[in-house]
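These notes concern the structure reproduced below.
Below, the structure written as structure tokens:
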């Protein structure tokens, strides 16, 4: 790498990427928090429900990997969701070493309710990307960003991401009718 | 927005962006932590030093805005840096309402020392972007990502980013010689 770019160029480049990435993630994080707050979930909890829903059951290490969170974070928040009756822990016959989680009916329904409550109008990324459709004729695909993540995290990460998106499409849980969120505000087993 | 994309498309799109953005930021965050750990700084502290260095003094609200951190976070970590003798607080004659910070000689030297210690080989983003130079003939510019951040955060955010990069270039603090970091490991006033 030294032969190709100077140290100063490298610092410029990585600092710019750090600023862009931090700004993007902070905007997404804030929108995500605002979206799921009425359901008494934090981002980690919602992300766990999401991954388990779309993978139709998942090991804790898969949650950690695809949720980009520490294994202990994945485990501890899964335990909290178990206490609320939203998921169950299990071992699999062919893989005794890993702990698996699977959503309960209540967990699936809660995740679907959050998806139905999603409001594109409140999403900074969508609002920011929309003017770019005039240039591209569609929402920008961020292909270089996808390529970079594939380089850093490996093919499998991107494959799981694509697969989890296909699963939403198949299950088709999103209706265009607004959901009555009042019924989810009080979780039966939540503390 | 409703006329243009369905709710399901919107969820797909924003979920994909959330996954990519979280993955990118977590990789950058980890590299950043590893880079500055020998200097007994956390990311917020280093980011404050960086911004104050490149803006040649800055108000707390500028730190908050360009560092994408809460005002109280910017203030509290600036206070910690003040205790270590790395920056000074002041008011400006023409702007009594805002609190300004300016790096001390020790603060500037410490920031320069971290820049000199930066190792492109250890940076996931650079390592991930390098194979893409074969396609582009240069490091990918992530122009759609820059355009998106400009839409979300406004022109000023991007202008400050460009300006802070020009300032590194002018001050030219980076030499290609490795720095002796041992002398910075023990901060005189640190607890």
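Chains as they are written, first to last, in my numbering: chain L, 84 to 274; chain R, 84 to 274. Think of the CB as a built atom: it goes at the ideal place given N, C-alpha and C, for glycine as much as any other residue.
Query, Result
"Cβ pair count under 8 Å reaching 3, the segment 92-100 of chain L against the segment 137-147 of chain L", "no"
"Beta-bridge pairing of residue 182 of chain R - partner residues as DSSP gives them", "R/174"
"Straight-line Cα distance separating residue 146 of chain L from residue 152 of chain L", "8 Å"
"The alpha helix (DSSP H) enclosing residue 208 of chain L, as first and last residue numbers", "207-212"
"CA-to-CA distance, residue 202 of chain L to residue 210 of chain L, given in whole angstroms", "11 Å"
"Collapsed DSSP secondary structure at residue 104 of chain R in the structure displayed", "helix"
"DSSP three-state assignment for residue 89 of chain L, whether helix, strand or coil", "coil"
"Residues near residue 158 of chain R in its chain [Cβ-Cβ closer than 7 Å; skip 5 each side]", "143"
"For residue 132 of chain L and residue 193 of chain L, believed in contact at Cβ under 8 Å, the rounded distance", "7 Å"
"Residue 173 of chain L classed as buried or exposed, judged by whether at least 16 other C-beta atoms fall within 10 angstroms", "exposed"
"Through-space distance from residue 135 of chain R to residue 171 of chain L, alpha-carbon basis", "49 Å"
"For residue 106 of chain R and residue 232 of chain L, believed in contact at Cβ under 8 Å, the rounded distance", "5 Å"
"From L/104, L/156 and L/101, residue whose alpha carbon lies closest to that of residue 127 of chain L", "L/156"
"Sequence-distant residues of the same chain with beta carbon closer than 6 Å to residue 189 of chain L, five excluded per side", "168 and 169"
"Closest residue to residue 88 of chain L among R/187, R/163, R/216 and R/160 (Cα-Cα distance)", "R/216"
"For residue 254 of chain L, the first and last residue of its enclosing alpha helix (DSSP H)", "238-254"
"Amino acids of chain R, ordered along the chain, whose beta-carbon sits closer than 9 Å to that of residue 127 of chain L", "Here the premise fails: no neighbours, minimum Cβ distance about 11 Å."
"Proximity winner among R/212, R/227 and R/185, relative to residue 214 of chain L (alpha-carbon distances)", "R/227"
"Per-residue burial, residue 183 of chain L [other beta carbons within 10 Å of its own, 16 or more giving buried]", "buried"
"Close Cβ partners of residue 237 of chain L (< 8 Å) along its chain, the five nearest in sequence each way excluded", "none"
"Whole-angstrom distance between residue 225 of chain L and residue 124 of chain R, CA atom to CA atom", "33 Å"
"Close Cβ partners of residue 240 of chain R (< 8 Å) along its chain, the five nearest in sequence each way excluded", "148, 149, 232 and 233"
"Member of L/178, L/235, L/253 and L/221 whose CA lies at the smallest distance from the CA of residue 114 of chain R", "L/235"
"Neighbour-count burial assignment, residue 90 of chain R, 16 or more Cβ in a 10 Å radius", "buried"
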